[in-house]
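For reference, the structure discussed in these notes is given below.
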Amino acid sequence: MSALSILQLAAMLAMLATLFLALIRLILGPAIMDRAVASDVLSVAAVGITALLAVRTGRNDVIVLAIMFAMVGFMYSVTLGRFSERPSAPDSEVPKPTTEEVEAEEIRLVREAQSELHAEEREAVLKVRAQRKQSEEQ
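Mapped onto this note's numbering, the consecutive letters of the sequence shown carry residue numbers 946 to 1083.
Below, the structure is given as C-alpha cells:
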C-alpha cells in the first residue's frame, strides 16, 4: 500500500466522519439554520467523497455525480435563503415621517442643490474674470 493510497483512505474516512456528524446535526437541529449548515456540509462531503472515489477508481464518469451533488447543495442553500423568515422590526419601532417632514426634506434638498449650482457658477465667473484680467495685463 503506497503513501498516496493511505492518504486517500484517510481522507475518505475523514469525509465519512464529517458526513455522519453533519447528518446528526441535520436530524437534531434545533434551528432551521443549523439544519441549513448541516445540509451544506453534507453536500460538500458528498462531493468530496465522490471526487475521492473518482481518483481512487480512476473513473472519470463519477465526476458528473460530484457536479450534481454540488448543484443540488447550491440550489438548496439558495432556496432556503430565499424563503427563510427574516426578523423584522415591528411597525411601532420604525417611525414613519409625516407629510410635512417629507416636504420639508424635499425643499431642503432642492435648496441645497441650487446653492451648489450657484457656487459652481460663481467659481466659473471668477475664473473667467481672472483670465481676462491676466490677458489685459499682458
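Every residue gets a Cβ at the ideal spot worked out from N, C-alpha and C, and that includes glycine.
Helix or strand or just coil, what does DSSP make of residue i?
i, result
"K1041", "coil"
"G1018", "helix"
"A1004", "At residue 1004 the sequence reads Arg, which differs from the Ala that was named. Looking at R1004 - three-state DSSP - the assignment turns out to be coil, as it is neither helix nor strand."
"M946", "coil"
"Q1083", "coil"
Is residue i buried or exposed, if buried means 16 or more other CB atoms sit within 10 Å of its CB?
i, result
"L1054", "exposed"
"S988", "buried"
"T1024", "exposed"
"M960", "buried"
"L949", "exposed"
"G993", "buried"
By how many angstroms is the C-alpha of residue j removed from the C-alpha of residue i?
i, j, result
"E1061", "T1043", "27 Å"
"L954", "P975", "33 Å"
"V1017", "D1006", "18 Å"
"R1067", "A1049", "27 Å"
"V1073", "Q1083", "16 Å"
"I972", "I1008", "28 Å"
"A1069", "E1045", "36 Å"
"V1047", "A1058", "17 Å"
One question on the structure: do residue i and residue j come within less than 8 Å of each other, judged by their Cβ atoms?
i, j, result
"R970", "A983", "yes"
"A991", "A999", "no"
"S1022", "D985", "yes"
"S1029", "I951", "no"
"A967", "L997", "no"
"F1019", "T995", "no"
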